[in-house]
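To start, the structure under review is shown below, and the notes come after it.
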Amino acid sequence: MAEEVVADEVVEAADEKGEVGVGWEAREVGKEELAGDAAGVEVDLRDADILPGIETFGDVSVAECAYGVLVEAIDDVGHDKARGCLGRFPGSEMMGLKKLEEEKLQALDKVKFAVSYIDELSEEKNKLIDELKTSKDELQKVKETMEGLASTLNEMSIESRENQERLLENQAEIENARLQIEQLDSTLKNTEERYEVMLDEARYEIVCLKKIVEKLKAKTNNSSTEWDTKELHLINAIKKSEDELASLKVEMAKVVDSLKLAEQEAREAKANGAEMLNKLNQAEYAAAAAYEAAKEAKSETHGSIRE
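Heads up, the sequence shown is in our numbering, so the first residue is 139 and it goes up one at a time.
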């Protein structure tokens, strides 16, 4: 009971002054006078024992409980009531009571300081929790960014492989076209040589025929029409051969154009492949940078938690 504690403290003060009898009388009088006003107010002695060292006490619930109990005990009992109990004794008892009141006020100040310090610790704890939550959110964003970069890198890798496969196919087609062109070129050269021989033979025959015609014209004019026909036939044959040779040259030019077009397509495919490889390297560099950023964010998060 609070009144018993106050009475005991008064008795102890009286005992220190050598007034043992007065102290015991004060204890009994204090119990009778304070019983009616402070009935039902209980003080746990364990709570009272922690007050001298309360500046090092860190439990919020116990500190607040001790503070509330002391405030209620002092408010319910009242300093005036205690002074009334001790008003009949000498000045030494009043000084002892003042000393006790000062000690109680100091203890209350310590409790208030402890509660304020605990509130500051709670605020700092909440700030650390908020910072930890923010760090976790940033880490989650970095993870999502890394996943997106990994997906993009995978897609670009697949696209690069497809482009490489298409490039290899185009190169194979170009190689086949080159072989075919070489074969056609060889055939065309052989044909040109054969037609050149034929033209030379035809020219030689024409010369021979002209000479024969001239001789025959000299011999007979009656056969001039027949020889003119033969000459015309030979001329037509020569023109036809020349036309066929021109057609072969046109076909050869077309084949050469096709070869040039195929080579241009191969160069474009190779350029596209190089561009895709460049994009792939850029994506890999971005993924590495994101990984380093995530690693730094994670280390900063661990550092904040340790603090």
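We treat Cβ as the ideally placed atom computed from N, Cα and C, and that holds for glycine.
Residue j beta carbon less than 8 Å from that of residue i
| i | j | result |
| --- | --- | --- |
| A531 | M284 | What the structure shows of the chain is the stretch from 139 to 445, and residue 531 is not part of that stretch, so it cannot be assessed. |
| A421 | V280 | no |
| L418 | M294 | yes |
| M336 | S379 | yes |
| V393 | L322 | yes |
| L372 | L347 | yes |
| Y333 | L383 | yes |
| A400 | A310 | no |
| E369 | V351 | yes |
| I312 | A404 | yes |
Given residue i as reference, the closest of the options once Cα atoms are compared
| i | options | result |
| --- | --- | --- |
| A340 | K353, K377 and D366 | K377 |
| E307 | R332, A407, K355 and L418 | A407 |
| L386 | T325, K348 and A432 | T325 |
| D381 | S273, E269, E320 and E330 | E330 |
| Q302 | Y429, G411, L243 and D323 | G411 |
Simplified DSSP state of residue i, which is helix, strand or coil
| i | result |
| --- | --- |
| H217 | Any reading at H217 needs caution, since the residue's pLDDT is 45, under 50, leaving its predicted position unreliable; the model's value is listed next. Here H217 sits in helix by DSSP. |
| G168 | In this predicted model, G168 has a pLDDT of only 40, less than 50, meaning its place in the structure is not dependable; the value taken from the coordinates is given anyway. Helix. |
| I192 | Confidence at I192 is low in this model, with a pLDDT of 37, below 50, so its placement is unreliable and the value that follows should be read with caution. Three-state result, I192: helix. |
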